[in-house]
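Notes follow the structure.
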Amino acid sequence: MPTKTLGLIHTSATLVPVFQQLCAEHLPSVQVFNIVDDSLVRTITREGALTPAVARRVVGYVTSAEAGGADYVLVTCSSIGAAVEQAAGLSGVPVLRVDQPMADQAVRTGRRIGVIATLPTTLVPTADLVQRRAARAGREIELTSVLCAGAFEALMSGDGARHDAIVAAALKELVAKVDVVVLAQASMARVVDALAPADRPVPILASPGIAIRHLAAELA
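According to this note's numbering, the residues represented by the sequence shown are 2 to 221, in order.
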């Protein structure tokens, strides 16, 4: 059987080693290559939304990944999710947005779902995806969205400890109200890992591992 190839499209170079490790663990026989453009998220943050120009570039990267030999494409950024879905409709190979398997798992896990993010440009598309995946599954859900104000700015100014403290405080408050929490940004997972077991009484989901395990089943 020929070796399968997975094309990964990132909007941050910091995600390359994260997915490299996950792929080595769960997709050992799959060839993987990366496309990175961190200007995409900078543009979205500046414009306050996913613009048509950025969406066209995302479609272009998916086309490039297919041309590069990808049998499957995974886009690892939630902020460009809507563009990923457009690209999927135009692609000759399957295209997955990183947060879709996580949203599906959240919908299966509980009715009261919390979505947490440090950027509105990530919170809105993730919450929208969870709503749509619930509707598709025929599930009634109650969604609570939380924006960790000031956390992203702290991280950008080099104050990782302040970022983590803001996110941890918001998480501790959110877990008391919901059955499951969805992290809109994979970068928040390190905060969850540092929480005491008593502070995580409900499942807290991060997209990278869930997406790669989903792909392992798809590509098996």
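Virtual Cβ for every residue (Gly too), placed ideally from N, Cα, C.
{"Query": "Terminal residues of the beta strand (DSSP E) in which Ala118 lies", "Result": "Arg113 to Ala118"}
{"Query": "Start-to-end residues for the beta strand (DSSP E) that takes in Ser65", "Result": "No beta strand (DSSP E) holds Ser65; the alpha helix (DSSP H) holding it covers Pro53 to Ala68."}
{"Query": "Extent of the continuous alpha helix (DSSP H) run through Leu41", "Result": "Ser40 to Glu48"}
{"Query": "Among Leu206, Leu156, Thr15 and Leu7, the one whose alpha carbon lies nearest that of Gly115", "Result": "Leu206"}
{"Query": "Stretch-stretch touch, CB-based, cutoff 8 Å, three pairs: the stretch 57-75 with the stretch 117-134", "Result": "no"}
{"Query": "Gly82 to Glu143 span [Cα, whole Å]", "Result": "22 Å"}
{"Query": "Opening and closing residue of the alpha helix (DSSP H) in which Thr110 lies", "Result": "Gln101 to Thr110"}
{"Query": "Coil, strand or helix - Gly90 by DSSP", "Result": "helix"}
{"Query": "Complete alpha helix (DSSP H) runs within the stretch 115-155 (minimum length 4 residues, chain order)", "Result": "121-138"}
{"Query": "Residues bridged to Thr4 (per DSSP)", "Result": "According to DSSP, which records beta bridges pairwise, Thr4 is partnered with nothing at all."}
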